[in-house]
Every structure is written in C-alpha cells, then in structure tokens.
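Single-structure report; data block below.
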Amino acid sequence: MASHSFAVALFFFFLLLNLASLQVFADVVLEDGYTVTTVIDGHKLGINPHSVLPRPGSSDLLVLDSSGSAVYTVPFPIPGSQGNLTSN
Numbered sequence: 000m001a002s003h004s005f006a007v008a009l010f011f012f013f014l015l016l017n018l019a020s021l022q023v024f025a026d027v028v029l030e031d032g033y034t035v036t037t038v039i040d041g042h043k044l045g046i047n048p049h050s051v052l053p054r055p056g057s058s059d060l061l062v063l064d065s066s067g068s069a070v071y072t073v074p075f076p077i078p079g080s081q082g083n084l085t086s087n
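Taking numbering that gives the first Met the number 0, the leading residue of the sequence shown gets 0, the next gets one more, and so forth.
This is the structure:
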C-alpha cells in the first residue's frame, strides 16, 4: 500500500515537473513592419517616466514621473537628443 501511494506521488511530481517545463520554452516572435524609436530617455532627462500621454490640443507630451510624483511637459518631437522639461 505504501509503495502504491509513493508511485502515485512520484507520478504527480513528474507530471507537475513536465507541465512546468512547458511554460519555459516560449519563443520570441518578431513581426515585420514595426519601427521602434525611443521617444523619451528618462535617465538622460533625470526622470522616471510612469506614463507618457499626449497633451490635449498640443503636440507636447505629458510625462508622469513615478519617483518624483511630478508631471512634466516634453515637446514632441524632441529637438536633438536632449528634451527640455517644463515642470507643472
């Protein structure tokens, strides 16, 4: 009786191990047609962007800083490599 319960426990252990290993083998799928551009580099600007939203009625972007609890206005497109921040 004890060997039967050990065999069942061993079966479920290997079943769980097998199911867990299925989650690990995910392949990265790259699709054609997308171009990615970094719009705001928070490290260079000294902010930690939490959200980037379009400013209504303007081409500027509103950047919500998660670490400083501040809202910044960033001109878009950003001239050059550095953005000019206006704290609100």
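All C-beta atoms, glycine included, are put in the ideal place defined by N, C-alpha and C.
- In the three-state reduction of the DSSP assignment, V62 falls in the strand class, which pools E and B.
- DSSP, read as helix, strand or coil, puts V7 in helix.
- For S68, DSSP assigns no beta-bridge partner whatsoever.
- In the three-state scheme derived from DSSP, where H, G and I count as helix and E and B as strand, L44 is classed as helix.
- A residue is called buried when at least 16 other Cβ atoms come within 10 angstroms of its Cβ; P48 meets this threshold and is buried.
- Sequence-distant Cβ neighbours of P53 in its own chain, meaning closer than 7 Å and more than five residues away, are L60.
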